Amino acid sequence: MRNSTPCSTASIRRMQMRFVRLCRPNFAPTKSRATASKLFSTLGHSCRVKKRVAKRSFPLDPREVTSFLQIQKRTTRWRNLLLLAIGWLGMGALSAAAEPIQARIVNGLNTSDFPATGALLVGGDADTASSWCSGTLIGCNTFLTAAHCVEGNSNPAGYQVYLQHAGTFSVTSINSHPSYDFPKADVAVLSLGETVTGIEPIPLNDINPNNHIGTSGLIAGFGRSGGNRDDYGVKRWGTVQTIDCADIGQNRNQLVCWQYENPVGAPGDDSNTCNGDSGGPLFMDLGAGTTIVGITSGGNNFSCLATDSSYDANVYNYRSFIRQHLGADPITNCSALPVVGDNEVAVTGFEGQLGGGNTLANHVLTTTIPADQLRISLNSADDGLFNADLYVRQGAAATTSNNDCARDGSGPHGTCIFDNTAADDWHILVRRTSGSGEYQITATEFADTDTVCGNNIREWGEDCDGTDADSCSGLCQVDCTCPAPVCGNNVVETGEVCDGTSDAACPGECSGCGCQSDPCTGSGIATNARLTLSRIDRPDGDQSLTFTGDLVFPGGGNSISLDPIATGAQIIIQDIGNAHARILDLSHDTTPIPPGPTGIGCHPKDGWTVNKQGTTFTYRNKTGDFDGGPCMSGKPERLTVKFIDKRAKTGKIRFSVKAKKSALGGNLVGPFRGTIALGEMASDMQSTCGDYEFAPGDCTDNIKGTTKKCR
1179 MRNSTPCSTA SIRRMQMRFV RLCRPNFAPT KSRATASKLF STLGHSCRVK KRVAKRSFPL
1239 DPREVTSFLQ IQKRTTRWRN LLLLAIGWLG MGALSAAAEP IQARIVNGLN TSDFPATGAL
1299 LVGGDADTAS SWCSGTLIGC NTFLTAAHCV EGNSNPAGYQ VYLQHAGTFS VTSINSHPSY
1359 DFPKADVAVL SLGETVTGIE PIPLNDINPN NHIGTSGLIA GFGRSGGNRD DYGVKRWGTV
1419 QTIDCADIGQ NRNQLVCWQY ENPVGAPGDD SNTCNGDSGG PLFMDLGAGT TIVGITSGGN
1479 NFSCLATDSS YDANVYNYRS FIRQHLGADP ITNCSALPVV GDNEVAVTGF EGQLGGGNTL
1539 ANHVLTTTIP ADQLRISLNS ADDGLFNADL YVRQGAAATT SNNDCARDGS GPHGTCIFDN
1599 TAADDWHILV RRTSGSGEYQ ITATEFADTD TVCGNNIREW GEDCDGTDAD SCSGLCQVDC
1659 TCPAPVCGNN VVETGEVCDG TSDAACPGEC SGCGCQSDPC TGSGIATNAR LTLSRIDRPD
1719 GDQSLTFTGD LVFPGGGNSI SLDPIATGAQ IIIQDIGNAH ARILDLSHDT TPIPPGPTGI
1779 GCHPKDGWTV NKQGTTFTYR NKTGDFDGGP CMSGKPERLT VKFIDKRAKT GKIRFSVKAK
1839 KSALGGNLVG PFRGTIALGE MASDMQSTCG DYEFAPGDCT DNIKGTTKKC R
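Under the working numbering, the residue at position 204 of the sequence shown is numbered 1382, and the numbers go up by one with no gaps.
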């Protein structure tokens, strides 16, 4: 290739894949949108196909790498520019054009479901291996992924497979389809070094998906969430609807396709795959139950945001090759252990985000029956900077020096496995050692099914057993069952947090067998608070609320990170006199204020902005539809939230909340409590939050009874 010779379209497309993928671990943390834009401009000029460069992802012939680098002077600078600019579904990439950030798979939801969906890791050591692609367990020892994920390095010793409910497994063999030529035959079958137990493999599809165009399917993977985010390593899922691949210029026999376009629907209902989801599944039910129909392969838009045409390898077309290498590996009954989804298996997920002043996160898993095995796994964001470690201890708080299991390698994954466990509290510590990002904890309990009613030990299948009757204390029946719960009998039963005088969970605040306690348990407070409820004589949906004040944290709050564009926020206003009813609830319990700049919501101006000084953050939502409802036009402004960082002068963070067209309820009693949290996670209500409770005499009504003011 020379500057004077036009590149073929296929040559340019192939440049967008292999070379960048092989070098991703060294360069992904330093991607630059400006650099990408500059490179694409140069590349388009040299090869005369600028517009085509940003459309497809194809593998790169090694000879073309050499020729291209010669064109670009073969300097480190040009190598870095190439690495920073070109995209592939097994690593991170940025669009040459500015794109708004969208949350989740793309526009999906975090999950610890889909147990057969795993992450393909690159690295021979399970403690240090990093996120690379995704895939699916299709046999007790067999993992299905994309051929481009293992292209260029077919040595199985260089890979691991991570499954949230089982742990990490070595790879012993790799078989890529002999006809692979991206996107054709983008299929690879991996054999694992150990049998996976507790997870049911997913069956292959035997029905032609071309006869079911327009059918919805589920995608899942550990890839990034689109735009300019590098949040690999977090498991997400979403829904897509298939189209005829011929509509986007692709081969309908080789691929399964869908279109991701505006207006984008609710998260989880209208999603897309992105870098790192490669190899992951498209699950569909075409009439024979849920099967794997597609293997995530590629897409036309580097950013993965709308509008994008995405495509998967068609499992139906390649099922003979897959079964050939699946061989005699069992596809069910991998062990005597029950599998996730059975009644004998309980799964509990925790998640959070660490960064800024948040170094540690604690979670408690309460197991109420003995288990044959307990597995606790960590996976976290893998941007090359963030590192989180896992520590677990039975019966007492875990520390880095006092624990029953530590997984503190440099990789983003770790699993602790305990056999023959008793009912107890298991304390889980997640410790951040560098960077910032999300993490997920998946706890999987496999019950001991050898039960004996009458031994005073509640076991699998029993509500209670004699004196072991936390779910119905004193009411356990001779067949080890509890009677139907009755609210008001002063006994905490199944489904009740408290009951009358049995209020240990929230002394003095039990209402309707549920706690109405202060949601904020952090060390911050709100001061100088003012609350105004107006138009309260109007119907729900036509009322207004204003809440202002200052957040104060110990030591001036200098260790607290104020960046709601990255973390989101939460706001709760409670009517204490009306059983602590939440008249405004934008929290992790319902719908927190999401992170992200303007352009991520239904209205172009929905989202966060920040001033040039980085001290004033403003969130606006003009539609009220950030909670996942359908986008609707013509609505007046609904919500404005503002944080002003005054810590340098006063040690305070000023906040202001204005909600219009709200539903505050028709029976406002008072007094009221307002709570603010600097983050959208449940853990933020334990750290970066503050509240203010107005006394009964602080609130007054105007003469017309249309406004309440609390000062």
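For each residue, glycine too, the CB sits at the ideal point set by N, CA and C. Computed from a prediction, not measured in an experiment: that's the story for all the values here.
Member of G1345, A1294, L1322, A1324 whose CA lies at the smallest distance from the CA of L1552: G1345
Collapsed DSSP secondary structure at K1216 in the structure displayed: Unreliable placement is indicated for K1216, whose pLDDT of 30 sits below 50; no coordinate value is reported for it.
Helix, strand or coil at Q1864 according to DSSP, with G and I counted as helix: helix
C-alpha distance - G1791 paired with L1740, whole-angstrom precision: First, the residue type needs correcting, since residue 1791 is Gln and not Gly in the sequence shown. When rounded, the distance between both Cα atoms is 13 Å.
C-alpha gap between A1662 and T1611, whole angstroms: 48 Å
Proximity to F1833 [Cα-Cα], best of S1614, G1644, I1854, A1549: I1854
Where the alpha helix (DSSP H) containing R1501 begins and where it ends: 1493-1504
Anticipated Cβ contact below 8 Å, P1379 with V1518, distance rounded: Contact flag wrong, Cβ pair sits at about 12 Å.
Same chain, Cβ closer than 7 Å to D1422, neighbours up to 5 away in sequence not counted: I1391, R1430
Terminal residues of the beta strand (DSSP E) in which T1787 lies: 1785-1788
Cutoff 7 Å; reference A1335; Cβ partners in own chain excluding five residues on either side: G1302
Bounding residues of the beta strand (DSSP E) (the contiguous stretch that carries P1717): That residue, P1717, is in no beta strand (DSSP E); it is neither H nor E in DSSP.
Presumed contact (8 Å Cβ cut-off) between G1615 and Q1748, rounded CB distance: Actually they do not touch by this definition, with Cβ atoms about 19 Å apart.
Buried or exposed by the 16-neighbour rule on C-beta atoms within 10 Å, applied to T1254: The predicted position of T1254 is uncertain, since its pLDDT is 28 and thus under 50; a value taken from the coordinates is nonetheless stated next. With fewer than 16 Cβ atoms within 10 Å of its Cβ, T1254 is classed as exposed.
Residues bridged to V1339 [DSSP beta-bridge criterion]: L1298, F1347
Through-space distance from S1840 to S1722, alpha-carbon basis: 6 Å
P1548 to A1601 span [Cα, whole Å]: 5 Å
Supposed contact pair I1743 and D1753 - C-beta distance, whole angstroms, cut 8 Å: The Cβ separation is near 31 Å, so there is no contact.
Distance, G1330 Cα to S1224 Cα: Because S1224 sits at a pLDDT of 27, beneath the cut-off of 50, its placement in the model cannot be relied upon, and the point is left open.
Completely contained beta strand (DSSP E) runs for the stretch 1576-1618, where each covers 3 or more residues: 1583-1585, 1591-1599, 1602-1612
Buried versus exposed call for V1630 [16 or more other C-beta atoms within 10 Å across all chains shown]: exposed
Nearest to D1490 (by Cα), restricted to the options D1364, C1698, L1709: D1364
Extent of the continuous alpha helix (DSSP H) run through T1794: T1794 -> not in any alpha helix (DSSP H); beta strand (DSSP E) instead, spanning 1794-1799.
Sequence-distant residues of the same chain with beta carbon closer than 7 Å to P1381, five excluded per side: T1469, I1509
Extent of the continuous beta strand (DSSP E) to which T1420 belongs: 1414-1421
Nearest-angstrom Cβ-Cβ length linking D1486 and S1309, presumed shorter than 8 Å: Wrong, their Cβ atoms sit about 21 Å apart, outside the cutoff.
Rounded distance between the beta-carbons of N1540 and P1590, thought under 8 Å: No, P1590 and N1540 are not in contact; Cβ-Cβ is about 19 Å, not under 8 Å.
Bridge partners - P1775, DSSP secondary structure assignment: W1786
Given 8 Å, three or more beta-carbon pairs between the stretch 1707-1724 and the stretch 1669-1684: no
Residue interval of the beta strand (DSSP E) (run including A1855): 1850-1855
I1397, DSSP secondary structure in three states: strand
Close Cβ partners of E1858 (< 8 Å) along its chain, the five nearest in sequence each way excluded: T1745, G1746, A1747, Q1748, H1766, P1770, I1771, P1772, P1773
Coil, strand or helix - A1704 by DSSP: strand
Alpha-carbon to alpha-carbon, S1481 and T1220: Summary for T1220: the model assigns pLDDT 30, below 50, so the residue's position carries little reliability, and this model does not support an answer.
C-alpha gap between D1876 and F1850, whole angstroms: 9 Å
Exposure label - A1214; buried when at least 16 CB within 10 Å: Confidence is the limiting factor: at A1214 the pLDDT is only 33, short of 50, which leaves the residue's position unreliable and the question unanswerable from this model.
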